[in-house]
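Engineer:
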Amino acid sequence: MRHLASKRYAKAFLQIAIERNNASVLQKQLDELAEIHTLSDAFKNVVTNPSVRIEERRSVVKNIAGKLGWDPMTQNLALLLVDKDRIQYVSEIAEEFGRLLDEHEGRVRARVVSARALAPAQQEVLKSALASLTGKSVVLKSEVDESLLGGVVTHVGNTVYDGSVRTHLNKIRESILEEV
Numbered sequence: 000m001r002h003l004a005s006k007r008y009a010k011a012f013l014q015i016a017i018e019r020n021n022a023s024v025l026q027k028q029l030d031e032l033a034e035i036h037t038l039s040d041a042f043k044n045v046v047t048n049p050s051v052r053i054e055e056r057r058s059v060v061k062n063i064a065g066k067l068g069w070d071p072m073t074q075n076l077a078l079l080l081v082d083k084d085r086i087q088y089v090s091e092i093a094e095e096f097g098r099l100l101d102e103h104e105g106r107v108r109a110r111v112v113s114a115r116a117l118a119p120a121q122q123e124v125l126k127s128a129l130a131s132l133t134g135k136s137v138v139l140k141s142e143v144d145e146s147l148l149g150g151v152v153t154h155v156g157n158t159v160y161d162g163s164v165r166t167h168l169n170k171i172r173e174s175i176l177e178e179v
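Here numbering that gives the first Met the number 0 is used: position 44 in the sequence shown is 43, and no number is missing along the way.
(1) Please classify Arg19: does DSSP put it in a helix, a strand, or coil?
(2) Are the beta-carbon atoms belonging to Ile35 and Asp82 less than 8 angstroms from one another?
(3) Counting C-beta neighbours from all protein chains within 10 Å, is the total for Ala128 16 or more, i.e. buried, or is it exposed?
(4) Just grab the DSSP bridge partners of Arg180 for me.
(5) If you draw a straight line from the C-alpha of Gly105 to the C-alpha of Gly134, how long is it?
(6) In chain order, which alpha helix (DSSP H) runs of at least 4 residues are fully inside the stretch 112-161?
(7) Which class does Val51 belong to by DSSP, given the choice of helix, strand or coil?
(8) Distance, Cα to Cα, Asp101 vs Ile175?
(9) Excluding the 5 residues flanking Gly162 on each side, which residues of the same chain have their C-beta closer than 8 angstroms to its C-beta?
(10) Quick check on Arg57: does DSSP put it in helix, strand or coil?
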């Protein structure tokens, strides 16, 4: 379940990013912060531990921000999250920031799952069809699931377009069973 504050921080950070015209840079840096928080137990243990003095927690964040060359706004957000004991929501904030940025830029993310890897030409045809369907530019992520047998399953937001052979066969099976 998403924390309500995650949406607020993401929305505020996006407004800053748009005003400063560097949303893609800030998104990359916010994703880096989320990745560090997720993958580094040492980082997580320091910045979330109330027994560690706040000055030390802030120092760790400033050190990382300096080494990675983060924009001051990214550093400020990280420090604010540490100060307010909200750093544990940074992955949610990054995800929500990306979603809001996509919405702002008229972009939609789609995930397509197919039985075999799609050729680049097939991906372009699918992107074009989804762009026509959604009225937005499409960022396509492709995955392989051999259990589909054939066809594709496409996820766009909360909508699933299931054109897989497996689903088609299951529907035929259900129809046959209903007739008995």
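Here a beta-carbon is modelled for each residue, glycine too, at the ideal position from N, C-alpha and C. Keep in mind the model is a prediction, meaning the values are calculated, not measured.
Structural biologist: The structure says:
(1) Correct three-state label for Arg19: helix.
(2) No. Outside cutoff.
(3) With a 10 Å radius around the Cβ and a threshold of 16 neighbouring Cβ atoms, Ala128 comes out exposed.
(4) Only positions 0 to 179 of the chain appear in this structure, which leaves residue 180 out of reach.
(5) The alpha-carbon atoms of Gly105 and Gly134 are separated by roughly 8 angstroms.
(6) Here the runs fully enclosed are 119-133.
(7) Residue state, collapsed to three classes: coil.
(8) The straight-line gap from Cα to Cα measures roughly 44 angstroms.
(9) Contacts found: Gly150, Val151, Val152 and Thr153.
(10) Helix at Arg57.
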